[in-house]
Amino acid sequence: MVEDKTVWARPWTRLRRLGPAMLVIVEVMIVGAAVFIVSGVYNVAASRDHLSITNWLLTVVRDRSIANAASGISVPDLTDEGLADLGAEHYRGACATCHGVPGQAANPVYQSMLPAPPDLIFAYEDYNSRELFWIIYHGLKFTGMPAWAGEGRSDEVWSLVAFLDRLRREGADSYTDSERPRVLPLELEAAGVSIQPLESCVRCHGDARSLPVSDRVPRLHGQSEPYLIRAIENYWDGTRQSGIMEPIAHRMSIEENSALARYYAKLSPIRAGSSGDPAAVLRGQRLARDGLAEGGIPPCSSCHEGDNPQFPRLAGQSAAYLRGQLEVWRKGLRDRSGYGAIMSVVAKRLNDAQVQDVSAFYASQPPGLRLKPEVPVP
Amino acid sequence: MSKGRIRTTAGAGILVLLAGCNPEQSAFAPAGVEAERINVLFWVMTIAGGFILVGVLVLSAVAIYGGETLRSQLSNERFITGAGIVFPAVVLSMLLVYGFVVLGAGAGTPPSPDGIRIAIKGEQWWWRLTYVDADGNSFESANELHVPVGQPIYLELTTADVLHSFWAPRLAGKLDMIPGRTNILTLTATEEGVSRGQCAEYCGGAHALMSFHVVAQTQEDFQAWVAKESGPAVKNENGRAARGRQLFLNAGCGGCHTIRGTRAAGAIGPDLTHVGGRHSLAAATLSNNAQAFAAWISNNQHIKPENKMPPYNIFTRPELEDLALYLESLK
């Protein structure tokens, strides 16, 4: 006891009393947390909103995380109508299920999610372009917002950002008015193709009477059947990446793929007016026909203007689409298939100007362009 | 280390050394005028240098262990002047003149007026050969140099990319291929036969896989070869080779390769008009047969990493075999 008293009297021992006291508090908190977690008291029901403190915490963490991750992203020209048109159609096919038609009352099923998918007409009130890009590309944990399905295809994501940007500038009518009336080809219904995959095709690629919705979308009219079939197969098994096409290919059966490929291959190619810079077209023609031996660039025509139906026909495609695909190859994507691996090597040897020129050339050509048949040299 | 292991190691070592005696690519087995001169130069230098080395060792031994008389003779001023100044000056001057003569020998031989000129371009990692006759007619081939025996041949050495060095050890010394320059090498084969050469300047990852064959043949054989090699590809194709030909043309191979007599007229890769008749494939990397063709087409990036040809994995096995048979048939 005597000893105790002398110890109590010393000033530093007060600090030593604080130690065990804090230990007790921490232990109580751990036990309390464990009881809270294991007991099942916390209600995870979507029917009950978060506490306001939880809401505040989640919102701050989410928005700080998005702002931080998106800070280095550079934004392309979003006023490009072709980009926004493609984004609008992808929205119609994929996003509208949860997010609803902008500016209209949403589907009560998806409004009962927590958090509920927001009406994206207000997207720009909370986020800027690069943040919206980041959200669409990477998705958000615990919200039901998925990451982009096409690995590496950030180029596609910008079409949706451009669409949201147009929605902000022009209002919801720009979306509802752009929906095109469609008459589905009867022969396909007769061939047993259900309405949905056909609608998925026609929505962007057009049909016998209409062109693709955007210059970012390839024109399938008169394209070779084996090539079209292979494209869907490659999207289906992940050989080719696209956040837009992979989900659509996933829903298609082998029979539907064949029937739809046959349908588009039979359509007569549509000549879409495209006049590039004549000098660029001429330079592109030289590259397409003669190649550039010292740069290791073979003539495009040696594969793309021949008779082999496995190679896509480039003449009459839009310059923006051709350029976009060449960029995809130069980024190191689309090289998992045998054919893609060949094109990957060639595309990486092209510089920016050559990509522009050769795209301008094929865009300026009438569909159905072919090399002359082989004339044997005596 | 046990005795047996020492024997094994020594045996293996000797085997490795003996492999160097393979005369196919040996400068010690000259088959050309220039290589002969280099060989003589080597032996003159080695033997004379050997004698001088032995002489110096003997004199050093005498200086250390010899008797008083011998040592006083060595320290004699006249001996030092003679063996230490006059002898080296005379010997080195003679060697210098001899070396100049051997070095200058190549440029001194004028090509015969009816001679054929051969342009050789080093590319990563193969050799593009263009034969030009006196009338200016030319044809292209690759990775195999044909020369007539007894006639001096002008080789115009250039490069498409980085430094290479052309070296056919049995025929001549090596000469660099320098960007922006044309270097001339003259060689004269003295005996018939097939020998091997290779790039002798590091030129990137697959440098070691950049070799070639030299075929020295009689004037008549050479003329016959030129007549055949300058012509279009053979047409005698069986069913499978004909299918292979169609595959070659349809798969875009002609974008990079030429086969004269077809519409394949690419200028990026080797001319394949008579590829089946060469002694090797892929710049003396593979033997020349259908299996090697098939392996190269589908797997070339593993055989010779970073070469310019894309991997071609678009063919089914039977298609690949047909294509390989067609290329093999192009003798």
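Quick mapping for you: the protein sequence lines, in order, are chains E and D. Just so we're aligned, residue 17 is where the first sequence starts under this note's numbering, counting upward by one. Just so we're aligned, residue 1345 is where the second sequence starts under this note's numbering, counting upward by one. Ideal Cβ placement from N, Cα and C applies to all residues, glycine included.
The beta carbon of D/E1380 is closer than 6 Å to those of P1374 in its chain, skipping five residues each way along the sequence. Put simply, the CB of D/P1655 is near chain E, with a gap under 8 Å to one of its CB atoms.
The beta carbon of D/G1596 sits closer than 8 Å to some beta carbon of chain E.
Residue environment for E/N273: buried (at least 16 other C-beta atoms within 10 angstroms of its C-beta). Judged by DSSP secondary structure, E/K282 falls outside any beta strand (DSSP E) and instead within the alpha helix (DSSP H) spanning I270 to K282. Flagged as an interface residue toward chain D: E/G354, by a C-beta distance shorter than 8 Å.
For E/L349, the closest C-alpha among the options E/G254, E/R329 and E/C319 is that of E/G254. In the DSSP annotation of this structure, D/P1492 is not part of any alpha helix (DSSP H); the continuous beta strand (DSSP E) holding it starts and ends at E1488 to P1492. For D/C1547, the closest Cβ of chain E is not nearer than 8 Å. Between E/G109 and chain D, the shortest Cβ-Cβ separation is not below 8 Å. Contacts between D/G1599 and chain E, judged by CB atoms closer than 7 Å, involve G307, P314, P315, S318 and C319 in chain order. Bounds of the beta strand (DSSP E) holding D/V1476 are W1470 to V1476. Your pair D/W1470 and D/P1614 checks out as a contact, with CB atoms roughly 6 Å apart and the cut at 8 Å. Within the same chain, S1509, W1511 and K1518 come within 6 Å of D/A1544 by CB-CB distance, once the 5 residues on both sides are set aside.
For D/V1476 and D/L1501, the gap between their C-alpha atoms comes out near 14 Å. A straight line joining the alpha-carbon of E/A309 with that of D/H1623 spans about 26 Å. Listed by position along chain D, the residues whose Cβ is nearer than 8 Å to that of E/I358 are G1596, P1654, P1655, Y1656 and I1658. If one requires a minimum length of 4 residues, the alpha helix (DSSP H) runs lying completely within the region 76–134 of chain E are 97–106, 112–115 and 124–127, in chain order. Taken residue by residue, none of the region 137–154 of chain E has a beta-carbon sitting less than 8 Å from a beta-carbon on chain D. With respect to the C-alpha of E/T95, the residue from E/D368, E/I211, E/L303 and E/L183 having the closest C-alpha is E/L183.
For E/F327, there is no enclosing alpha helix (DSSP H), as DSSP marks it with neither H nor E. Along the region 139–227 of chain E, the alpha helix (DSSP H) occurs as fully enclosed runs of 4 or more residues at 139–142, 145–154, 170–186, 189–192, 202–206 and 211–221, listed in sequence order. Annotation: E/G166 has no Cβ neighbours in chain D at a cutoff of 9 Å; minimum Cβ distance is about 23 Å. Taking CB atoms only, E/N324 has a neighbour in chain D less than 8 Å away. Put simply, the CB of D/G1610 is near chain E, with a gap under 8 Å to one of its CB atoms. Judged by their CB atoms, E/P294 and E/G307 are not nearer to each other than the 8 Å cut-off. With its beta carbon at least 8 Å from every one in chain D, E/V344 lies outside the interface. Rounded to whole angstroms, the gap between the alpha carbons of D/H1551 and D/Q1468 is 8 Å. In this model, D/S1555 and E/F149 are separated by some 53 Å (Cα to Cα). Annotation: Cβ neighbours of E/V361 in chain D (cutoff 7 Å, chain order): P1654. Going by beta carbons, E/R219 and E/E97 fall outside the 8 Å limit. D/G1588: member of the alpha helix (DSSP H) spanning G1583 to N1594, first to last residue.
Pairing D/A1533 with D/Y1498, the inter-Cα distance amounts to about 12 Å. Taking 8 Å as the cut-off, the beta carbon of D/N1644 is found closer than this to the beta carbon of D/M1653.
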